[in-house]
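Oh and the sequence shown: position 62 is 133 in this note's numbering, straight run, nothing missing. From the three backbone atoms N, C-alpha and C, an ideal C-beta is built for every residue, glycine too.
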Amino acid sequence: MRDVKTFLILLRGVNVGGKNKVPMADLRTWLEGMGFLDVSTYIASGNVILTSDRPAEDIATQIEAAMPQAFQLDSEIVKVLVLTREDLQGIVDNRPAGFGDQPEKYHSDAIFLIGVDPAEAMPIFNPREGVDRVWPGDGVIYSERLSAQRTKSRLSSILTSPLYKSMTVRSWNTTVKLLAMLDANNRAPS
72 MRDVKTFLIL
82 LRGVNVGGKN
92 KVPMADLRTW
102 LEGMGFLDVS
112 TYIASGNVIL
122 TSDRPAEDIA
132 TQIEAAMPQA
142 FQLDSEIVKV
152 LVLTREDLQG
162 IVDNRPAGFG
172 DQPEKYHSDA
182 IFLIGVDPAE
192 AMPIFNPREG
202 VDRVWPGDGV
212 IYSERLSAQR
222 TKSRLSSILT
232 SPLYKSMTVR
242 SWNTTVKLLA
252 MLDANNRAPS
């Protein structure tokens, strides 16, 4: 018998700007039908926690291949990133000093990379001095912008890069909440 693990699934390209709509209740039911267990979602932006005895790579491949047909989605923009609790813990633990600690002053995001290296992704960022700051991490780019000057941020310039199709963005608050949910799931009795 293979080891059952809890995974975080980050779906890229669903429920964005009124496109690629996927109701979370339907997504949970569909994933359960694919044999995944303990499926839960968090907000409608494509955050799923589930358990499986399958390897992370197999989970990502299976969901990414089947989801566009199941929900009539634009398969060009849908991507799936599968993380273990340890992966996400590393992203939270290895954040730049002070990152995410001043939500009243800075808007902080974790930009998760899907099959692209941080060194390859960093050049597409063009931070505006005094407004934006970005740091490479392991499988992630940490992005912070001054809330009072958010309209002057250059973060949106990444949208025009082909590499953007290999990224999915979560606010730092959502990232930390997802880690707490993974921790709670791991403590739940089987």
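CB contact flag (residue i, residue j, <8 angstroms)
i: T239; j: L98; result: no
i: N86; j: V149; result: no
i: D109; j: N257; result: no
i: P198; j: R166; result: no
i: F183; j: S123; result: no
i: L81; j: G106; result: no
Burial state of residue i (16 or more Cβ within 10 Å)
i: S261; result: A caution first: S261 carries a pLDDT of 49, below 50, which makes its placement in the model unreliable, though a value can still be read off. So S261 counts as exposed.
i: G40; result: Past the boundaries of the shown model lies residue 40; the chain is included only from 72 to 261, so the question cannot be answered.
i: D129; result: exposed
i: A219; result: exposed
i: Q221; result: A small correction: the amino acid at residue 221 is Arg; Gln does not occupy that position in the sequence shown. By the 10 Å Cβ count, R221 comes out exposed.
i: G186; result: exposed
i: E103; result: exposed
i: R73; result: exposed
heavy atom of the ligand MG below 7 angstroms from residue i C-beta
i: N118; result: Absence of the ligand MG from the depicted structure is noted, as is the absence of any ligand whatsoever, leaving it without description.
Residue i - DSSP class collapsed to helix/strand/coil
i: N244; result: helix
i: P207; result: strand
i: V87; result: strand
i: I182; result: strand
i: R199; result: coil
i: S261; result: Interpretation of S261 is limited by its pLDDT of 49, a score under 50 that renders its predicted location unreliable; the figure taken from the coordinates is listed afterwards. Three-state DSSP puts S261 in coil, outside helix and strand.
i: A251; result: helix
i: R125; result: coil
i: S227; result: helix
i: K92; result: coil
i: E269; result: One cannot answer for residue 269 here, as it falls past the ends of the chain, which runs 72 to 261.
i: D97; result: helix
i: K76; result: strand
Own chain partners of residue i with C-beta closer than 6 angstroms, once the 5 adjacent residues on each side are dropped
i: Y235; result: I229
Cβ-based neighbour list, residue i, same chain, cut-off 7 angstroms, excluding 5 preceding and 5 following
i: A181; result: I162, V211, Y213, R241, W243, T246
i: P189; result: P207, G208, I212
i: M252; result: Y113, I120
i: Q160; result: L250
i: M138; result: L144, V149
Contacts around residue i, its chain only, beta-carbon distance under 8 angstroms, and the 5 residues preceding and following it disregarded
i: F170; result: S179, W206, Y213, E215, W243
Checklist entry - Mind pulling the beta strand (DSSP E) runs of 3 or more residues that sit fully within the region 129-165? => result Segments of the beta strand (DSSP E) lying fully in the region 129-165: 150-155.
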